[in-house]
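**Q** Mind looking over this structure? Questions follow.
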Amino acid sequence: MFSFLYKKVLAWARHKHAVWYLSALSFAESSFFPIPPDVMLAPMALARPKRALWYALLTTVASVLGGMLGYLIGAFAFDLIEPWIHQLGYWEKYNMAQEWFEKWGFWAVFLAGFSPIPYKVFTIAAGALSMAFLPFVAASFIGRGGRFFLVALLLAWGGEPLEKTLHKYIDRLGWATVAFVIIGVVVYKL
């Protein structure tokens, strides 16, 4: 199952419109979409290592532009989206974002941009809490850029040997990930 998906994702990564898909996904993920751009960036950097830095730059710029949209949503339309934040299960993360802003400001956006924490929650919270816009943009560029360039460089460095190794072990890695997630959910619920 995972081998099939792996081959499919690599084929999408080589598609002539892949750059547009990556840009759209990067933009959308920063303000409202749940899937991170790494799922496209990684196979694209793996499939075309010489273009990895270009893909990382494109992902960063599109993501920060999407983050600016998230900021505007938080600043001007928070009352409209607040029910969705509750419904989608992001309310606890939103409250965490508020606490982080009070303690760390700029660094909260940087950490959210670099880490797997939902960045969109922080973009919306930054707008809702009236964080200064230029520091928000700077923290977003540094955090998101650091993350995406790291991903792209590591995969470009691994290149074809990494692609072959992943292909060989993708089913085992996929099922191990599924098991890890299930165990994590069970432990969290207990």
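Its first residue numbered 572, the sequence shown is counted upward by one per residue in my numbering. All C-beta atoms in this analysis are idealised placements derived from N, C-alpha and C, irrespective of residue type, glycine included. Bear in mind the structure is a predicted one, so any value in this text is a computation, not a measurement.
Mind checking E673: buried by the 16 CB within 10 Å criterion, or exposed?
**A** Counting from 1 along the sequence shown, the entry for residue 673 is found at position 102. E673 should be labelled exposed.
**Q** With DSSP as the reference, label L629 as helix, strand or coil.
**A** Within the sequence shown, the letter at position 58 stands for residue 629. Of the three classes helix, strand and coil, the one that applies to L629 here is helix, per DSSP.
**Q** So which of W678, S686, V692, Q658 has the shortest CA-CA distance to S667?
**A** The residue you call residue 667 lines up with position 96 of the sequence shown. The amino acid occupying residue 667 in the given sequence is Met; Ser does not appear at that position. Of the listed residues, the one whose Cα sits closest to M667 is V692.
**Q** Report yes or no: do the segment 685-702 and the segment 602-611 share at least 3 C-beta pairs separated by less than 8 Å?
**A** The segment 685-702 vs the segment 602-611: in contact.
**Q** Rounded to whole angstroms, what is the Cα-Cα separation between D568 and F719?
**A** With the chain covering only 572 through 761, there is no way to say anything about residue 568.
**Q** In angstroms, rounded to a whole number, what distance separates the CA positions of F649 and E663?
**A** By 1-based counting over the sequence shown, the position of residue 649 is 78. By 1-based counting over the sequence shown, the position of residue 663 is 92. Between F649 and E663, the C-alpha separation is close to 16 Å.
**Q** Please look up how many angstroms separate the CB atoms of M611 and L596, rounded, as I've assumed it's under 8 Å.
**A** Stepping through the sequence shown from its first residue, residue 611 is reached at position 40. Stepping through the sequence shown from its first residue, residue 596 is reached at position 25. With 8 Å as the limit, M611 and L596 qualify as a contact, their Cβ atoms being about 6 Å apart.
**Q** If we count the other Cβ atoms within 10 Å of its Cβ and call it buried at 16 or more, is P687 buried or exposed?
**A** Start at 1 with the first residue of the sequence shown, and residue 687 comes out as number 116. Exposed: under 16 other Cβ atoms inside 10 Å.
**Q** Between A589 and the rest of its own chain, which residues show a CB-CB distance below 8 Å, the 5 nearest in sequence each way excluded?
**A** Your numbering for residue 589 matches position 18 in the sequence shown. Answer for A589: W583, M611, M615, listed in chain order.
**Q** Which runs of the alpha helix (DSSP H) fall wholly inside the segment 672-726 and span at least 4 residues, in chain order?
**A** If we require 4 residues or more, the alpha helix (DSSP H) runs fully inside the segment 672-726 come out as 677-685, 690-699.
**Q** Taking all protein chains shown into account, decide if L651 is buried (16 or more other Cβ within 10 angstroms of its Cβ) or exposed.
**A** Start at 1 with the first residue of the sequence shown, and residue 651 comes out as number 80. It is exposed - the Cβ of L651 has fewer than 16 other Cβ atoms within 10 Å.
**Q** Skipping 5 residues on each side, what residues in its chain have a beta carbon closer than 7 Å to that of S711?
**A** Counted from its first residue, the sequence shown places residue 711 at position 140. Result list for S711: V635, G638, V680, G684, in chain order.
**Q** Just verifying my parser: in three-state terms, what is the DSSP assignment at F603?
**A** Here residue 603 refers to the residue found at position 32 when the sequence shown is read from its first residue. Coil at F603, not helix or strand.
**Q** Please classify L705: is it buried, with 16 or more other beta-carbons within 10 angstroms of its beta-carbon, or exposed?
**A** Here residue 705 is taken as the residue at index 134 of the sequence shown, counted from 1. Label assigned to L705: exposed.
**Q** Between which residues of its own chain and G714 is the CB-CB distance below 6 Å, once the five residues before and five after are set aside?
**A** What you label residue 714 is simply residue 143 of the sequence shown in a count that begins at 1. Here the set comprises F681, G684, F685.
**Q** Excluding the 5 residues flanking V722 on each side, which residues of the same chain have their C-beta closer than 8 Å to its C-beta?
**A** For the purposes of this step, residue 722 is identified with residue 151 of the sequence shown, where counting begins at 1. Cβ within range, chain order: D609, L612, A613, A616, A627.
**Q** Considering A648, what are the terminal residues of the alpha helix (DSSP H) in which it resides?
**A** Residue numbering aside, residue 648 sits at position 77 when the sequence shown is read from its first letter. Where A648 is concerned, there is no enclosing alpha helix (DSSP H), given that its DSSP letter is neither H nor E.
**Q** Quick check on I644: buried or exposed, where buried means 16 or more other Cβ atoms within 10 Å of its Cβ?
**A** As a working note, residue 644 is residue 73 in the sequence shown. Buried is the call here.
**Q** Just to confirm, is the Cβ distance from Y642 to F707 under 9 Å?
**A** Residue mapping note: residue 642 aligns to position 71 of the sequence shown, counting from 1. Residue mapping note: residue 707 aligns to position 136 of the sequence shown, counting from 1. Yes.
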